[in-house]
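The block underneath contains the structure these notes are about, expressed in structure tokens.
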Amino acid sequence: MLDSCKCSNCGGYMTFDASLGKLRCLSCKQEEVVEHYEAQFEPYACQDEGNIYQDEEARQYLCRQCGSAIITDNRSALSNCPFCGNLMTLGERLSGEDAPAQVIPFKISEKEAAKAFRKWRRKLPFSPHDFPRGEEAGKVMAIYFPVMCYDLRAQGEAMVDALRRKRLATQEDEREEVSHYALYRKNDLFFPQILVSNSGNISDSLLEKLGPYDFHHAQSFSTVHLGRCFSEKNAKSPEEVFPVAQKKAEKYVEEYILDSIHDYEEAVIDEKKYEIGKSAAIFALLPVWLVMRHGQEEEYVFAMNGQTGKVASDPPRSWVKVATGAGLISFTIFLLFRIITLLLGGPLL
1 MLDSCKCSNC GGYMTFDASL GKLRCLSCKQ EEVVEHYEAQ FEPYACQDEG NIYQDEEARQ
61 YLCRQCGSAI ITDNRSALSN CPFCGNLMTL GERLSGEDAP AQVIPFKISE KEAAKAFRKW
121 RRKLPFSPHD FPRGEEAGKV MAIYFPVMCY DLRAQGEAMV DALRRKRLAT QEDEREEVSH
181 YALYRKNDLF FPQILVSNSG NISDSLLEKL GPYDFHHAQS FSTVHLGRCF SEKNAKSPEE
241 VFPVAQKKAE KYVEEYILDS IHDYEEAVID EKKYEIGKSA AIFALLPVWL VMRHGQEEEY
301 VFAMNGQTGK VASDPPRSWV KVATGAGLIS FTIFLLFRII TLLLGGPLL
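Take the sequence shown: its position 185, counting from 1, is numbered 185 in this note's numbering, and each next residue is one higher.
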């Protein structure tokens, strides 16, 4: 375990560096080796829920412009890419490849999503001229986005450097006394349903804005769900996705540790050793109503949670319109002050 003790050189507190197996003094930086140290974490098994595409029950389309791969059932056809609008080319039929295990169906209708998009569009006075208007503004697309859903267990221990300040005043001077405390924390935490985007078009940050999704309403995946919708294919392998989930869990662990410390002015994690593993992993599809356009200067996105109706977006801005608007506001303020000056008998200029 991580531990602390007094330094033999200066008497200060020493903290343990688990990666090096050494004690290090916070004051004089002296190091001492701890023999035969090894943190013990309880082993546990992972329950993966898997699925594969059966013979020719699905096929994929490829976009040569943006590289997106879209999956449909074997009866649906897709002509244009929902992300860049370019023509799609038919790829191979899927058979034996990894398929989603679960899917959350759409609850928000296309009519509701289109209405929300038009309402959102009207609130963007500084959007570029090429941003969709009129009939085009209602063309939202129903897309299932791939995610990995993990149940993670985080076991670990940490040394925290906490401090208290005390102001000491005498007749001659005033000084501040700072006391350091080495705090030990050991945790065994469980984090259910940590979602990591496996989409090439929806980032993790946008996924977090769209959430949460209620997996109590998830269903076992079938290509029937792709009858009127499309699904984006996984952009990364499971080996590339899992480290992202581990980093999220590590962040949650550190937030939990720091939130557990009270009565100190400051607290910083000085040494740490975590073992973060998965107790369950599910490849799932999440419903999203989407409008994505590539403008002349930037890409902008309107996305709506197809289960709850929550909207997340990257609103476009035309900096020419922003500059023009700022100039008009400045001129209006200047004109108003000149009128007030004239009314009070001041000079014209």
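The beta-carbon is built from N, C-alpha and C at its ideal position, and this holds for glycine as well.
Remember, it's a predicted structure, so these values are computed and weren't measured experimentally.
Exercise for the section: In angstroms with no decimal places, state the Cα-to-Cα distance between residue 212 and residue 194. Expected result: Straight-line Cα distance between these residues: approximately 10 Å.
Exercise for the section: From the DSSP output, in three-state form, read off residue 194 for me. Expected result: strand
Handout entry: N- and C-terminal bounds of the beta strand (DSSP E) containing residue 48
Key = 47 to 49
Problem - Reference residue 72, options 24, 224, 170, closest by Cα - result: 224
Problem - Host beta strand (DSSP E) of residue 70 (start-end) - result: 69 to 73
Problem - 3 or more residues per run - each beta strand (DSSP E) lying fully within the segment 237 to 307 - result: 266 to 294, 299 to 305
Practice task
Kindly provide the ranges of any alpha helix (DSSP H) runs that are 4 or more residues long and lie completely inside the segment 81 to 161, ordered along the chain.
Solution key: 110 to 122
Exercise for the section: Could you give the DSSP three-state label for residue 223: helix, strand or coil? Expected result: helix
Problem - DSSP state of residue 209 mapped onto helix, strand, coil - result: In the structure shown, residue 209 sits in a helix (DSSP, three-state: H, G or I).
Exercise for the section: Classify residue 238 as buried or exposed, calling it buried when 16 or more other Cβ atoms lie within 10 Å of its own Cβ. Expected result: exposed
Exercise for the section: Leaving aside the five residues before and after residue 51 along the sequence, list all residues of the same chain whose C-beta is less than 7 Å from its C-beta, in chain order. Expected result: 99, 100, 101, 221
Exercise for the section: Compute the distance between the beta-carbons of residue 303 and residue 290, then report whether it is under 8 Å. Expected result: yes
Handout entry: Environment of residue 87 [buried if 16+ CB atoms lie within 10 Å]
Key = exposed
Practice task
Using three-state DSSP, classify residue 78 as helix, strand or coil.
Solution key: coil
Practice task
Would you mind stating whether residue 74 and residue 57 have Cβ atoms separated by less than 8 Å?
Solution key: yes
Handout entry: Sequence-distant residues of the same chain with beta carbon closer than 7 Å to residue 254, five excluded per side
Key = 269
Handout entry: Option nearest residue 235 by Cα separation, candidates 67, 141, 167
Key = 67
Practice task
Compare the Cα-Cα distances from residue 108 to each of 140, 77, 122 and report the closest residue.
Solution key: 140
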